[in-house]
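K.L.:
When the letters of the sequence shown are read in order and numbered with the working numbering, they come out as residues 881 to 1143.
Where is the CB? At the ideal position from N, CA and C, for every residue including glycine.
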Amino acid sequence: MTNIAILGAGNIGKALAKGFLRTSKQEIQLQLVVRREEHRQSLLQEGYAATLDASAAIAAARVVILAVTPGQIAALNSSIAGQIKDHHFVISAVSSVSIATLRNQLGTQAPIVRVMPNIAAAIGQSMTALAWEDRDATAGPEADRLFQRIGKTMIIKENQMMAATVLCACSTAFFLRAIRAAAQGGTQIGFHPEEALPVAAQVALGAAGLVLEEAAHPETEIDRVTTPQGSTIAGLIEMEYNGFSSALIRGMVTSHEKTRGLS
Ligand SMILES: NC(=O)c1ccc[n+]([C@@H]2O[C@H](COP(=O)([O-])OP(=O)(O)OC[C@H]3O[C@@H](n4cnc5c(N)ncnc54)[C@H](OP(=O)(O)O)[C@@H]3O)[C@@H](O)[C@H]2O)c1
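#1: How far does the alpha helix (DSSP H) with R994 in it extend, from its first residue to its last?
#2: Between N891 and I999, which are expected to be in contact by the criterion C-beta below 8 Å, what is the C-beta distance as a whole number of angstroms?
#3: If you draw a straight line from the C-alpha of H919 to the C-alpha of S959, how long is it?
#4: Terminal residues of the continuous alpha helix (DSSP H) containing M1041?
#5: Tell me where the alpha helix (DSSP H) around M1132 begins and ends.
#6: Between A954 and ligand 1, is there a pair consisting of the residue's CB and a ligand heavy atom that are separated by less than 7 Å?
#7: Would you tell me roughly how many angstroms separate the C-alpha atoms of A1002 and L896, rounded to the nearest one?
#8: Using alpha carbons as the reference points, say which of I964, A1023 and A1009 lies closest to I971.
#9: Within its chain, find whatever has a CB closer than 6 Å to the CB of L1090; leave out the 5 residues flanking it on each side and keep chain order.
#10: Which partner residues does M1034 have in the DSSP bridge list?
#11: Can you name the residues that DSSP bridges to A930?
#12: Indicate, with yes or no, if ligand 1 has a heavy atom lying under 7 Å from the CB of G1141.
#13: Ends of the beta strand (DSSP E) at A885?
#14: Name the residue from S975, M996, A961 and A1084 whose alpha carbon lies nearest to the alpha carbon of R983.
#15: If contacts are defined as beta-carbon pairs under 8 Å, then Q921 and N957 qualify, I think. What distance do you get, rounded to the angstrom?
#16: With the cut-off set at 8 Å, would you say G893 and L924 are in Cβ contact?
#17: Quick check on DSSP: helix, strand or coil for A945?
#18: Mapping DSSP to helix, strand and coil, what is S959?
#19: Say yes only if the C-beta of M996 is nearer than 7 Å to one or more non-hydrogen atoms of ligand 1, and no if none qualify.
#20: Any heavy atom of ligand 1 closer than 7 Å to the beta-carbon of V948?
#21: Alpha carbon to alpha carbon, how far is A934 from L887? Give it in angstroms, no decimals.
#22: Under 7 Å: does the beta carbon of R920 sit that close to some heavy atom of ligand 1?
#23: Mind checking which residues open and close the alpha helix (DSSP H) that includes I971?
#24: Are the beta-carbon atoms of H1136 and M996 separated by less than 8 Å?
Written as structure tokens, this is what we have:
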């Protein structure tokens, strides 16, 4: 049984909890640590184990997951400094805060692994990037195995973590916006919104599946959908004329610049 305390039950903390409980209820015991009683009550009503007592949750856990915002992490770490012992294992989902900074703030020699998951962890479909220092060569793979329970993983260097923040986490919003736009297009041409949205999402899932399951290159698959002088190529040309690909690429670069600014 792996005992986990997740400090911070916002968007990502809760998505991780939901994912771990969905995929690994028998193997994982998990507590969410919050700082407001009404938040604790609402989590309890949803069936989560939740507490206001960070110290007790840390003492009971082996894995401590940090899931607060970059602006909140220094205060959190200062409130729990000295409580992370050598048998603990810290995993930080906090963007833009280095392992060295976390180690310094927590005052611990316990292993620290940085992760960049996304909210699809809640349904076991995260894409999580992980980074650790050479000294934590045992804990790193253990974290990797833990996050494989809630999706796919990739191991990166810590200096790639900001890029991973954009590609693994922010991109969830970008693709959701694309699905929303496709659904609105579907409504404009004749489907009710409640029909168009699940259809657009399923088409996106199928397109992603072709890339992942058949190792297909997107352009090869696009060529299979575009008949000469047909409607697909006409739509694609109009979209590219309006900056479809470059809007996505430039949006990702802007997110990366913003992430670097937060560090
Ligand atoms: N959202 C994503 O998709 C995503 C994906 C990957 C990584 N991340 C990273 O994960 C971190 C959290 O993001 P988020 O979107 O989950 O933020 P969020 O929704 O704002 O959640 C942060 C949570 O931390 C809680 N908190 C702050 N200080 C605390 C303390 N001392 N003790 C206990 N709880 C405390 C806040 O509680 P209150 O409600 O009381 O303020 C809030 O519920 C960020 O660094 C972000 O970059 C996010």
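P.N.:
Taking the structure as given:
#1: First-last for R994: I992 to M996, but that is the beta strand (DSSP E), not the alpha helix (DSSP H).
#2: 6 Å
#3: Taking the straight line from one Cα to the other gives about 19 Å.
#4: M1041 to A1044
#5: M1132 -> alpha helix (DSSP H) spans F1124 to L1142.
#6: no
#7: Straight-line spacing of the CA atoms in A1002 and L896 works out to 6 Å.
#8: A1023
#9: Same-chain partners within the cutoff: A1096 and E1101.
#10: A1009
#11: BP columns for A930 point to L912.
#12: G1141 Cβ: outside cutoff for every heavy atom of ligand 1.
#13: T882 to L887
#14: A961
#15: Incorrect: roughly 26 Å between the Cβ atoms, too far for contact.
#16: no
#17: This sequence places Ile at residue 945; Ala is not what is there. It is a strand residue.
#18: helix
#19: yes
#20: yes
#21: Inter-residue distance for L887 and A934 is about 7 Å (C-alpha atoms, whole angstroms).
#22: No, ligand 1 has no heavy atom inside 7 Å of this Cβ.
#23: Looking at the DSSP string, I971 is not in any alpha helix (DSSP H); the run it does join, the beta strand (DSSP E), is F969 to S972.
#24: no
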